[in-house]
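In our numbering, the protein residues as written are 4 to 385.
Following: one structure in structure tokens, then a few remarks.
Below is the structure:
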């Protein structure tokens, strides 16, 4: 019995000694850096102007002046319709105007003579008034003729269809002799330079996005096949947040002289909505998601670990900007599952450096060089 008691005591003593052994960990130093808050999402290229060209009258196409896929200037002639009937109507209206203007000139002479005769009492006042009435009626007829001529000119203008904007035309399925009507689309003209990129932004960044829009913040478009991103400016933020997906639509305008962006194309967009000046940055691997919130282990000069609650401000790449610790403090990035609050630790000098970690245990990734990521911190074992 005494032997069993002694063995149990020794086992208990060994277990106690094992529990108090320093945990083997890898440390990193919290750094003070300016961290740009970057939002990176997928967007789509949209044209600032796109016009579906339709005729305003039913007529026959007499000539097609462009080819499909051609770039056109504003006001360039695209289609000509049969205008013989409109030319005849315009000539008829002008002839009627000339006839009525001649009658108006004759009545004007008669009125002047009647005034002279009235002054000499050769005619009555009523006769002079009748001449004046005829003169004013003829003036109204001439004004109506001028309106008729203008109307005929407008109708004649419908026989020529010109590009309302500068851009690239799409497919042309109209040929000379085709009967067209207002319900038929002749061609679509799409503006390509400048062009816009529409992208959704989470509603949590709405206030920062509105401030960025006021300052016309730069926006990057990441196009597949291009080594460098295209740079545009934030131009528009929608007035409504989509309640189903919790995003607000934004739009950036890009110069597109080389047609690097094409309507309907999907591109990656990246915008810096604000900057965290002097933020404390630690590796994302140091964070632990516990039931009472996010925390990490801080190691002091005596190699004693203390668990401290922190608040995540922004995640970028393999780093996280947090509040709750000071720059220069040592944090545990590996082996935290073996650490206990108030326990001793020892640094694993032979452990290989983690990706993005310098030999001294600190990370070497430039803040903001990568887009926002959803890196999951390690969880402490129960």
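Even for Gly, the Cβ is constructed at its ideal location relative to N, Cα and C.
In three-state DSSP terms, what is residue 341? For the purposes of this step, residue 341 is identified with residue 338 of the chain shown, where counting begins at 1. Residue state, collapsed to three classes: helix.
DSSP three-state assignment for residue 273, whether helix, strand or coil: Walking along the chain shown from the start, residue 273 turns up at place 270. Here DSSP, grouped into helix, strand and coil, assigns residue 273 to strand.
Could you give the uninterrupted runs of the alpha helix (DSSP H) lying entirely in the region 99-169, keeping only those of 4 residues or more? If we require 4 residues or more, the alpha helix (DSSP H) runs fully inside the region 99-169 come out as 128-160.
Can you list, in chain order, the residues of its chain with a C-beta nearer than 8 Å to that of residue 157? Leave out the 5 residues immediately preceding and following it. Translated into the one-based positions of the chain shown, residue 157 becomes position 154. Within the same chain, residue 157 has no close Cβ partners at all.
Excluding the 5 residues flanking residue 269 on each side, which residues of the same chain have their C-beta closer than 7 Å to its C-beta? By 1-based counting over the chain shown, the position of residue 269 is 266. 45 and 47, listed in sequence order.
Contact defined as beta carbons within less than 8 Å: I believe residue 151 pairs with residue 90. What is the distance between those atoms, to the nearest angstrom? Your numbering for residue 151 matches position 148 in the chain shown. Your numbering for residue 90 matches position 87 in the chain shown. Incorrect: roughly 15 Å between the Cβ atoms, too far for contact.
Let me check understanding here. Comparing Cα to Cα, which of 337, 194, 273 and 251 lies closest to residue 258? The count along the chain shown starts at 1 and reaches residue 258 at position 255. The residue with the shortest Cα to Cα distance from residue 258 is 194.
Measuring alpha carbon to alpha carbon, tell me which residue in 107, 118 and 249 is nearest residue 139. In the chain shown, residue 139 corresponds to position 136, counting from 1. Nearest option by C-alpha distance: 107.
On the DSSP letters alone, give me the boundaries of the beta strand (DSSP E) that residue 36 sits inside. The count along the chain shown starts at 1 and reaches residue 36 at position 33. From DSSP, the beta strand (DSSP E) with residue 36 extends over 34-49.
Contact belief for residue 33 with residue 331 at Cβ below 8 Å, rounded distance in angstroms: As a working note, residue 33 is residue 30 in the chain shown. As a working note, residue 331 is residue 328 in the chain shown. 6 Å between Cβ atoms; contact.
Is residue 234 buried or exposed, if buried means 16 or more other CB atoms sit within 10 Å of its CB? Translated into the one-based positions of the chain shown, residue 234 becomes position 231. Its Cβ having fewer than 16 others within 10 Å, residue 234 is exposed.
Is it right to say residue 60 is buried, meaning 16 or more other beta carbons lie within 10 angstroms of its own, or is it exposed? As a working mapping, residue 60 is identified with position 57 in the chain shown. Looking at its Cβ environment, which holds fewer than 16 other Cβ atoms inside 10 Å, residue 60 is exposed.
Run through DSSP, which three-state label would residue 332 get? Here residue 332 refers to the residue found at position 329 when the chain shown is read from its first residue. In the structure shown, residue 332 sits in coil (DSSP, three-state: anything other than H, G, I, E or B).
Which of the three DSSP states, helix, strand or coil, is assigned to residue 296? The sequence position of residue 296 within the chain shown is 293, counting from 1. If DSSP states are grouped into helix, strand and coil, residue 296 belongs with the strands.
Alpha carbon to alpha carbon, how far is residue 70 from residue 201? Along the chain shown, one-based indexing puts residue 70 at 67. Along the chain shown, one-based indexing puts residue 201 at 198. Spanning the two alpha carbons is a distance of roughly 30 Å.
Output needed for residue 414: all residues of its chain with C-beta closer than 7 Å, excluding positions within five of it in sequence on either side, in chain order. One cannot answer for residue 414 here, as it falls past the ends of the chain, which runs 4 to 385.
Quick check on this structure: which residue in 171, 144, 105 and 127 has the alpha carbon closest to the alpha carbon of residue 51? Locating residue 51 in the chain shown gives position 48, counting from the first residue. Ranking 171, 144, 105 and 127 by Cα distance to residue 51 puts 171 first.
What does residue 386 pair with, by DSSP beta-bridge criteria? Because the chain here runs from 4 to 385, residue 386 falls outside it and cannot be looked at.
Excluding the 5 residues preceding and the 5 following residue 96 in the sequence, name in chain order all residues of the same chain whose CB lies nearer than 6 Å to its CB. Here the question's residue 96 lines up with position 93 in the chain shown. Correct list, in chain order: 151, 152 and 155.
Tell me, please, which residues DSSP counts as bridged to residue 317. The sequence position of residue 317 within the chain shown is 314, counting from 1. Paired residue(s): 324.
Checking 8 Å against the spacing of the C-beta atoms, do residue 206 and residue 249 come in under that value? In the chain shown, the residue the question calls residue 206 occupies position 203. In the chain shown, the residue the question calls residue 249 occupies position 246. Against a cut-off of 8 Å, the Cβ pair of residue 249 and residue 206 comes out as a contact.
Where residue 174 sits in the DSSP three-state scheme: If you number the chain shown from 1, residue 174 lands on position 171. Of the three classes helix, strand and coil, the one that applies to residue 174 here is coil, per DSSP.
Can you look up residue 209 in the DSSP assignment and give me helix, strand or coil? Start at 1 with the first residue of the chain shown, and residue 209 comes out as number 206. Three-state DSSP puts residue 209 in a helix.
Would you say residue 41 and residue 336 are within 8 Å of each other, going by their C-beta atoms? As a first step, residue 41 is located in the chain shown; it is residue number 38 there, counting from the start. As a first step, residue 336 is located in the chain shown; it is residue number 333 there, counting from the start. It is not a contact, given that the beta carbons lie outside the stated cut-off.
Contacting residues, own chain, Cβ-Cβ under 8 Å from residue 238 (five flanking each side not counted): On the chain shown, position 235 is the one that residue 238 refers to. The residues are 199, 216, 219, 254, 255 and 256.
Those residues which DSSP pairs with residue 245 across a bridge: Walking along the chain shown from the start, residue 245 turns up at place 242. When beta bridges are read from the DSSP output, residue 245 appears opposite 250.
Apart from the five residues just before and just after residue 37, which ones in its own chain have a Cβ nearer than 8 Å to its Cβ? As a working mapping, residue 37 is identified with position 34 in the chain shown. These residues qualify, in order along the chain: 278, 279, 280, 281, 282 and 370.
Could you tell me the distance, in whole angstroms, from the CA atom of residue 118 to the CA atom of residue 131? Start at 1 with the first residue of the chain shown, and residue 118 comes out as number 115. Start at 1 with the first residue of the chain shown, and residue 131 comes out as number 128. Going from the Cα of residue 118 to the Cα of residue 131 covers about 7 Å.
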